[in-house]
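Here's the structure we're looking at; comments come further down.
Residue numbers (my numbering): 4 to 408.
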């Protein structure tokens, strides 16, 4: 069965077509500037030439149609009929407390996703738009919702509750939900497989370090704590997000800058993090590393602050799990930035970790960085959220098929 994985943003759409038997990517692509002038699609069939072309995409339905047209195209397509798409897996950012696993999409699920859109106003509405567009263009094809928050639904109340009046949780569901769950689930499971062990026997800390970043404590197969909270703004310093701050900063800056809370939140989400801390140099770690090497102190401070924050959470989660067996780096920075991995490891050596300098030069590959004698295994496992979504989609579809027998 071929599974189409869809990841809708507010003005973009990423996709992959995956053969569920071989788990090979047949084609992938990106639709950009949906709803604006200059909208375009970049489509890449595996083993073929990339094609980028400007196509009017006034909405996500038009974008989905462009995706299907390219998958069927005689030159760059990889299928000859829509019947060759057996299911669609949708990445859904927020599932609230209701969903602790992937589910087959029906009217009730669609309503539930809409009900928690106030918790992810930039993401869930776009995700729903993608679902409706696929329903219109691919009627009868089973679709599955895979939630970023689902893996973290095993967190206990002492980890997910905020120390604010309890009625705010009871009335409005204000709590820590966590994100990047599909990645943390996949990477922690793959790390255990590489080590030839069961995830249920390990205490694993997964560091998903990209432009968005989070750390999760996976104790014996379950997420028990994670750095992102009600929204993806909490936790680590990120590319443009502030991460943890004193909440009073919001009202302080509102008074000083004479602006609204929403404007401050925009600053914290889009103008802060590594970009803001570096004095506006960049949110790209490559640019910051280059600037630091050239003597820019703001860039150096930003890089070290990032490493300290990750190290602090590793230490905290080690305490919370009563020890740690494996520390895993993943995502863009975690997989490719050896110098940052080394910076972070400087703060975890007390746990019995080390990093082999030669192995640390490897980029984007599965590799064990630590020595065989180390108390804690340190490793890199590239994330593959699309494959994880495809696997969960296949499992749900097969489960539904068995029910019909």
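Just so it is clear, CB atoms sit at the ideal spot from N, CA and C, and this is done for glycine as well.
Quick caveat: nothing in here was measured; it's all calculated off a predicted structure.
- Per the C-alpha coordinates, the member of 378, 369, 121, 342 positioned closest to residue 353 is 378.
- If the five residues before and after residue 404 are omitted, its C-beta is found closer than 7 Å to no C-beta atom of its own chain.
- By the neighbour-count definition (other C-beta atoms within 10 Å, threshold 16), residue 201 is an exposed residue.
- If you look at residue 208, you'll find it isn't in any alpha helix (DSSP H); it sits in the beta strand (DSSP E) that goes 206-212.
- With respect to residue 67, residue 136 sits close: the two C-beta atoms are nearer than 9 Å.
- The beta carbon of residue 395 lies closer than 6 Å to those of 105, 149 in the same chain, with the five residues before and after it left out.
- Taken in chain order, the whole beta strand (DSSP E) runs of length 3 or more contained in the segment 242-307 number zero.
- Close CB contacts of residue 334 within its chain, under the 6 Å cut and outside five residues either way in sequence, are with 211, 212, 213, 386 (chain order).
- The C-beta distance from residue 344 to residue 332 rounds to 6 Å, short enough to fall under 8 Å.
- With 16 or more other Cβ atoms from the protein chains shown falling within 10 Å of its own Cβ, residue 102 counts as buried.
- For residue 94, the uninterrupted beta strand (DSSP E) run begins and ends at 88-95, by DSSP.
- By the C-beta criterion, the segment 17-36 is judged to be in contact with the segment 47-64, since at least 3 inter-stretch pairs fall below 8 Å.
- In the same chain as residue 139, and ignoring 5 residues on each side of it, the C-beta atoms closer than 7 Å to its own belong to 64, in chain order.
- Sequence-distant Cβ neighbours of residue 219 in its own chain, meaning closer than 6 Å and more than five residues away, are 187, 209, 226, 229.
- Taking a contact as a CB-CB distance under 8 Å, the pair residue 384 and residue 194 counts as one, their CB atoms being some 5 Å apart.
- In the three-state reduction of the DSSP assignment, residue 363 falls in the helix class, which pools H, G and I.
- Comparing C-alpha distances from residue 162 to each of 121, 205, 233 shows the shortest one belongs to 233.
- Every beta strand (DSSP E) stretch that sits fully inside the segment 112-198 and reaches 3 residues is listed by chain position as 146-150.
- Residue 89 and residue 141 do not touch by the CB rule: their CB atoms are close to 11 Å apart, not below 8 Å.
- When secondary structure is reduced to three states using DSSP, residue 401 falls in the helix class.
- Residue pairing for residue 10: DSSP places it in a beta bridge opposite 17.
- By the neighbour-count criterion, in which 16 or more other beta carbons inside 10 Å mark a residue as buried, residue 222 falls on the buried side.
- If you check the CB distance, residue 254 and residue 272 do not come in under 9 Å.
- For the set 151, 393, 363, 391, the Cα lying nearest the Cα of residue 381 is the one of 363.
- Between the alpha carbons of residue 265 and residue 235 lies a distance of about 16 Å.
- Of the residues 375, 170, 21, 306, the one whose Cα lies closest to the Cα of residue 278 is 306.
- Taking a cut-off of 8 Å on C-beta distances, the segment 9-17 touches the segment 90-101, as three or more cross pairs fall below it.
- Of the other Cβ atoms in all chains shown, 16 or more fall within 10 Å of the Cβ of residue 131; this residue is therefore buried.
- Residue state for residue 392 is assigned as helix, using DSSP reduced to three classes.
- The secondary-structure analysis by DSSP pairs residue 5 across a beta bridge with 22, 88.
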